[in-house]
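Undergrad: There's a structure below that I have some questions on.
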Amino acid sequence: AQSVTQLGSHVSVSEGALVLLRCNYSSSVPPYLFWYVQYPNQGLQLLLKYTSAATLVKGINGFEAEFKKSETSFHLTKPSAHMSDAAEYFCAVSDQGGSYIPTFGRGTSLIVHP
Amino acid sequence: NAGVTQTPKFRVLKTGQSMTLLCAQDMNHEYMYWYRQDPGMGLRLIHYSVGEGTTAKGEVPDGYNVSRLKKQNFLLGLESAAPSQTSVYFCASRDWGSSSPLHFGNGTRLTVT
């Protein structure tokens, strides 16, 4: 069964600093990969997704993620954190074989200090 | 374009009471899902549906029932609420194909006393 690991349940950065949120998946066949963001008292919304077109994927709000097959990773980055980036971030995967059920990581809470 | 709408937004139940959570989507999506979110547990799948008239169990189905009589609606029922069902419930839908992302509602916060 597919699994997704998000390293660090909490990540703390200063405003203006680099944001790096880690995601590793377990499949030997590259899956479809997604990052979602959840702001307080809201549902999850899509930040970006990888579907094999390009290894570097750009998303909304200045975020991007790079797919690295050799490392089975899909880490999320942003060059300069803003206070409004404080939220919960979830990595998710879907098998290319047509599974109905995406697999989610446990989530990483991003804390941004002024 | 409303997307995924969940009702109600908040609810308090006494142990043993029943209720139904409604999810409605206006994107003509085939697949719909019910998740619960608890601190430190991430999202856990309760039930899902791959089309009108079909439902299937997820990771944590006990104590819940679902129905998908119309393509746009997915109902989650609690027949006899327990304090362990205190949680935030999210509905999601997506189009056909594994590369399609999930679209989430804004959640229902349920407290069972």
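In order, the protein sequences belong to chains Z and B. Note that the working numbering has the first sequence beginning at 1, numbered continuously upward. Note that the working numbering has the second sequence beginning at 1001, numbered continuously upward. Heads up, the beta-carbon is just placed ideally off N, CA and C, and yes, glycines get one too. Here the structure is a predicted model, which is why all the values come from computation and not from measurement.
How long is the line joining the alpha carbons of Z/S84 and Z/Q96, rounded to whole angstroms?
TA: Within the first sequence, residue 84 of chain Z is the residue found at index 84, counting from 1. Within the first sequence, residue 96 of chain Z is the residue found at index 96, counting from 1. The alpha-carbon atoms of Z/S84 and Z/Q96 are separated by roughly 34 Å.
Undergrad: Starting from Z/V37, follow its DSSP beta bridges and name the residues at the other end.
TA: For the purposes of this step, residue 37 of chain Z is taken as residue 37 along the first sequence, with counting starting at 1. Z/Q45 and Z/Y89, per the DSSP bridge assignment.
Undergrad: Reducing DSSP to helix, strand and coil, say where B/N1106 ends up.
TA: Residue 1106 of chain B sits at position 106 when you count from the first residue of the second sequence. Coil.
Undergrad: For Z/L18, which residues from the same chain have a beta carbon less than 8 Å from its beta carbon, with the 5 sequence-adjacent residues on both sides left out?
TA: By 1-based counting over the first sequence, the position of residue 18 of chain Z is 18. Within the same chain, Z/L18 has close Cβ partners T77, K78, P79, S80 and A81.
Undergrad: Please check if any C-beta of chain B sits within less than 9 Å of the C-beta of Z/K58.
TA: The count along the first sequence starts at 1 and reaches residue 58 of chain Z at position 58. Not closer than 9 Å to any Cβ of chain B, the Cβ of Z/K58 fails to qualify, so no.
Undergrad: Would you mind working out which of Z/A87, Z/T55 and Z/S73 sits nearest Z/N61, comparing C-alpha positions?
TA: Along the first sequence, read from residue 1 onward, the residue named residue 61 of chain Z stands at position 61. Nearest of Z/A87, Z/T55 and Z/S73 to Z/N61, Cα basis: Z/A87.
Undergrad: Just tell me which of B/G1097, B/R1109, B/V1112 and B/L1076 has its CA closest to the CA of Z/Y32.
TA: Reading the first sequence from its first residue, position 32 is the one you call residue 32 of chain Z. Ranking B/G1097, B/R1109, B/V1112 and B/L1076 by Cα distance to Z/Y32 puts B/G1097 first.
Undergrad: Could you check whether B/G1105 and B/T1015 sit closer than 9 Å to each other, using their CB atoms as the reference points?
TA: Counting from 1 along the second sequence, the entry for residue 1015 of chain B is found at position 15. Counting from 1 along the second sequence, the entry for residue 1105 of chain B is found at position 105. No.
Undergrad: Rank B/S1099, B/L1110 and B/P1008 by C-alpha distance to the C-alpha of Z/L46 and give the top, closest one.
TA: As a first step, residue 46 of chain Z must be located in the first sequence, where it is residue number 46. Ranking B/S1099, B/L1110 and B/P1008 by Cα distance to Z/L46 puts B/S1099 first.
Undergrad: Where does Z/I101 sit, in a helix, a strand or coil, going by DSSP?
TA: Indexing the first sequence from 1 puts residue 101 of chain Z at position 101. Three-state DSSP puts Z/I101 in coil, outside helix and strand.
Undergrad: I'd like to know whether the C-beta of Z/N41 is nearer than 9 Å to at least one C-beta of chain B.
TA: For the purposes of this step, residue 41 of chain Z is taken as residue 41 along the first sequence, with counting starting at 1. So yes, Z/N41 belongs to the interface.
Undergrad: Note down the Cα distance separating B/V1060 from Z/L110, rounded to an integer number of angstroms.
TA: To locate residue 1060 of chain B, count along the second sequence from 1; it is residue 60. To locate residue 110 of chain Z, count along the first sequence from 1; it is residue 110. Their backbone Cα atoms lie some 27 Å apart in a straight line.
Undergrad: Report the partner residues of B/K1071 according to the DSSP bridge assignment.
TA: Translated into positions along the second sequence, residue 1071 of chain B becomes position 71. Answer is none; B/K1071 lacks a bridge partner.
Undergrad: Taking beta-carbon pairs under 7 Å, can you tell me which members of the region 19-39 of chain Z lie near chain B?
TA: Y32 and F34
Undergrad: Taking C-beta to C-beta, are B/G1107 and B/V1088 nearer than 9 Å?
TA: Against the second sequence, residue 1107 of chain B aligns to sequence position 107. Against the second sequence, residue 1088 of chain B aligns to sequence position 88. Contact: yes.
Undergrad: Applying the 10 Å Cβ sphere with the 16-neighbour rule, what's the burial state of Z/K68?
TA: What you label residue 68 of chain Z is simply residue 68 of the first sequence in a count that begins at 1. Looking at its Cβ environment, which holds fewer than 16 other Cβ atoms inside 10 Å, Z/K68 is exposed.
Undergrad: Using a beta-carbon distance cut-off of less than 7 Å, what residues from the region 1075-1101 of chain B approach chain Z?
TA: Listed in chain order, the positions of the region 1075-1101 of chain B with a beta carbon within less than 7 Å of a beta carbon of chain Z are F1090, S1098, S1099 and P1101.
Undergrad: So which residues of chain B does Z/F67 contact, with C-beta pairs closer than 7 Å?
TA: Indexing the first sequence from 1 puts residue 67 of chain Z at position 67. None at all; the shortest Cβ gap to chain B is about 13 Å.
Undergrad: I'd like to know if Z/G8 contacts chain B, where contact means its C-beta is closer than 9 Å to some C-beta of that chain.
TA: Within the first sequence, residue 8 of chain Z is the residue found at index 8, counting from 1. So, not an interface residue.
Undergrad: Would you kindly check if the distance between the Cβ of Z/L44 and the Cβ of B/A1092 is under 9 Å?
TA: The residue given as residue 1092 of chain B occupies position 92 in the second sequence. The residue given as residue 44 of chain Z occupies position 44 in the first sequence. The answer is yes: Cβ separation under 9 Å.
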